[in-house]
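Single-structure report; data block below.
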Amino acid sequence: MYYGEKRVENPIRWAMVGGGKGSQIGYIHRSSALRDYNFDLVAGAFDIDPVRGQEFGASLNVAPERCYSDYKTMFAAEAEREDGIQAVSIATPNFTHFEIAKAALQAGLHVYCEKPMCFSTAEAEELEALVKQTGKIMFVSYGYAGHQMIEQARQMIAKGELGKIRIVNMQFAHGFHNVAVEKNAASTAWRVDPKKAGPSYVLGDVGTHPLFLSEAMLPDLKIKRLMCSKQAFVESRKPLEDNAMTIMEYDNGAVGYLWSSCVNAGAMFGHKIRVVGELASVEWNAEFPNQLLYEVQGEPQHVLHRDMGYLTPQAVADDRIGAGHPEGLFEAWSNLYGRFAMAIEKTEKGETIDFWYPGVHAGVLGVKWVDKCVESAEQGAAWVDYE
Ligand code: NAD
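Just so we're aligned: the sequence shown equals residues 202 to 588 in my numbering.
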């Protein structure tokens, strides 16, 4: 159980690029990073519009001289200060992630980057090489992985409680964009513009989330080959897709299915993962994140609940409020931001990091998966080798 104790000796001096007024994801970054006293928000280039960004930064109590017009000015000016920033979160549209993350690493900063990390596998591998070269920490914002029941599933699978894994069934298929909502919503418009969203819409925007959950639960599973069929049911979204189905074969003989969609009309969220072994299955649904289904063939269904004594210690370590009280996405993100702070501190002290997190390699895998899905779909859903 976590009672809000300090996780690092000194709060990390932290800034944001993007996440400005009215942005969809900026507030959850700030509230998740700041709630546990691990970070101080001391600077920012919050908005593509410099004036709006500076006004917004001031409203967050960031010193006016540290509310910058753009990220380049911020990285240069902060590098001159003794109390300059140590870490930055990037919460801007997809097409800017690569250049901002690269500049941040080159400026000696630790990075927490929104997904997808960039557009191509080559760019992703360049960032991974830069992380190795600079020795900095890079997280990719797969926030759902911070839910405790993901850790519980990981531990149960590692202990062999499901037996040999056969099937991973994933989906993130919501219905909120079943019509062309982007015509009236700026934050959806860039998502269907290939120049700003990259080579895909739903594969990168939603599909990479359950993909990372599968990597967190099954760290040893490697994709051998995949095939993908994608469609734009709203014609104006072409050449990007609003629906896609990917079938994957893993190197141990298991198979995976991942449905990515924003046209699953009527679905509130549709984000879940089911891992099927030869003896039993676990299933986690983001709409009921405090529970994990554990189904053993021939037994009644078990519904495991957060913060109960029968869970593994690793799963309850991040628990913030007693069993029965619901926790949600803000807590999950805070758990990951806590690990970001601890990873930075350990790196700066030269200590070993003894916990997992969605790092730069997870970013590479997500970008590569999207690349491969698009390659397959463009060849008429052909099987493509992963390596
Ligand atoms: P948004 O369009 O609502 O907001 C983007 C913000 O970035 C705005 O404040 C904009 O002014 C600012 N911005 C744009 N370019 C900038 C630049 N060059 N410098 C500084 N600021 C700039 O977008 P959003 O929905 O908040 O999405 C942002 C990112 O977060 C995207 O990459 C998206 O995929 C990701 N996202 C992740 C999750 C998740 O669960 N991890 C959820 C939603 C969005």
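Ideal Cβ placement from N, Cα and C applies to all residues, glycine included.
task: On the DSSP bridge assignment, give the partners of residue 378 in chain order.
output: Answer by DSSP bridge pairing: none, since residue 378 is not bridged.
message: Going by DSSP in three states, residue 204 sits in which element: helix, strand or coil?
response: coil
task: Pick helix, strand or coil for residue 282, following the three-state DSSP scheme.
output: Here residue 282 sits in coil by DSSP.
task: Out of 580, 352, 539, 484, point me to the one whose CA is closest to residue 516's CA.
output: 352
field: Ranges of the alpha helix (DSSP H) found wholly within the region 390–452, counting only runs of at least 4
entry: For the region 390–452, the continuous alpha helix (DSSP H) assignments of 4+ residues that do not extend past its boundaries occur at 395–398, 409–418, in sequence order.
message: Looking at the strands, I want to know which residues DSSP matches up with residue 590.
response: The displayed coordinates of the chain run from 202 to 588. Any statement about residue 590 would go beyond what the structure contains.
field: Nearest-angstrom beta carbon gap, residue 325 and residue 311 [assumed within contact, 8 Å]
entry: Between residue 325 and residue 311 the Cβ distance is about 18 Å, and since that is not below 8 Å, they are no contact.
message: Using only CA atoms, which one of 579, 499, 211 lies nearest to residue 442?
response: That would be 579, whose Cα lies nearest to the Cα of residue 442.
C-alpha distance - residue 485 paired with residue 207, whole-angstrom precision: 30 Å
message: On the criterion of 16 or more Cβ atoms from any shown chain inside 10 Å, does residue 503 qualify as buried, or is it exposed?
response: The residue is exposed, with fewer than 16 neighbouring Cβ atoms inside 10 Å.
- prompt: Hey, out of 527, 554, 526, whose CA is closest to residue 539's CA?
  reply: The residue with the shortest Cα to Cα distance from residue 539 is 554.
query: Taking 7 Å as the cut-off, is the CB of residue 297 close to at least one heavy atom of ligand 2?
result: Summarising the ligand content, the structure contains ligand 1 and does not contain ligand 2.
message: Is residue 511 a contact residue of ligand 1, with contact defined as CB to any heavy atom under 7 Å?
response: Residue 511 Cβ: outside cutoff for every heavy atom of ligand 1.
- prompt: How would you label residue 265, buried or exposed, when you count the other beta carbons within 10 angstroms and need 16 or more for buried?
  reply: exposed
query: Opposite residue 340 in the DSSP bridges: which residues?
result: 313, 560
message: Going by C-alpha to C-alpha distance, which of 454, 372, 396, 511 sits closest to residue 465?
response: 372
The alpha helix (DSSP H) enclosing residue 328, as first and last residue numbers: Start and end: 322–335.
Residue 295 (DSSP reduced to helix, strand or coil): helix
- prompt: Among the residues of its own chain, which have a CB less than 7 Å from the CB of residue 284, if the five just before and after it don't count?
  reply: 214
- request: In angstroms with no decimal places, state the Cα-to-Cα distance between residue 403 and residue 447.
  value: 12 Å
Span of the beta strand (DSSP E) around residue 461: Residue range 456–462 is occupied by the beta strand (DSSP E) that includes residue 461.
message: Here's the rule: buried if 16 or more other CB atoms are within 10 angstroms of the residue's CB, otherwise exposed. What is residue 462?
response: buried
Cut-off 6 Å between Cβ atoms - residues of its own chain near residue 305, not counting five sequence neighbours on either side: 289, 312
- prompt: How should residue 204 be labelled, buried or exposed, when 16 other C-beta atoms within 10 angstroms of its C-beta is the threshold for buried?
  reply: exposed
- prompt: Skipping 5 residues on each side, what residues in its chain have a beta carbon closer than 7 Å to that of residue 348?
  reply: 490, 533
task: Excluding the 5 residues preceding and the 5 following residue 280 in the sequence, name in chain order all residues of the same chain whose CB lies nearer than 8 Å to its CB.
output: Closer than 8 Å at the Cβ level, and outside the excluded window around residue 280, lie 308, 309.
- prompt: Cβ of residue 218 versus every heavy atom of ligand 1: is any distance shorter than 7 Å?
  reply: yes
message: Can you list, in chain order, the residues of its chain with a C-beta nearer than 6 Å to that of residue 422? Leave out the 5 residues immediately preceding and following it.
response: 451
Neighbour-count burial assignment, residue 274, 16 or more Cβ in a 10 Å radius: exposed
message: Classify residue 232: buried if its beta carbon has 16 or more other beta carbons within 10 angstroms, exposed otherwise.
response: It is exposed - the Cβ of residue 232 has fewer than 16 other Cβ atoms within 10 Å.
task: Measure the C-alpha to C-alpha separation of residue 427 and residue 586 and round it to an integer number of angstroms.
output: 7 Å
query: Hey, would you say the C-beta of residue 417 is under 7 Å away from at least one heavy atom of ligand 1?
result: Taken from the Cβ of residue 417, every heavy atom of ligand 1 lies 7 Å or farther away.
query: If you draw a straight line from the alpha carbon of residue 299 to that of residue 436, how long is it in whole angstroms?
result: 29 Å
- request: Please find out if some non-hydrogen atom of ligand 1 comes closer than 7 Å to the beta-carbon of residue 294.
  value: yes
message: Mapping the DSSP letters down to three states, classify residue 254 as helix, strand or coil.
response: helix
task: Measuring alpha carbon to alpha carbon, tell me which of 370, 388, 369 ends up nearest residue 378.
output: 388
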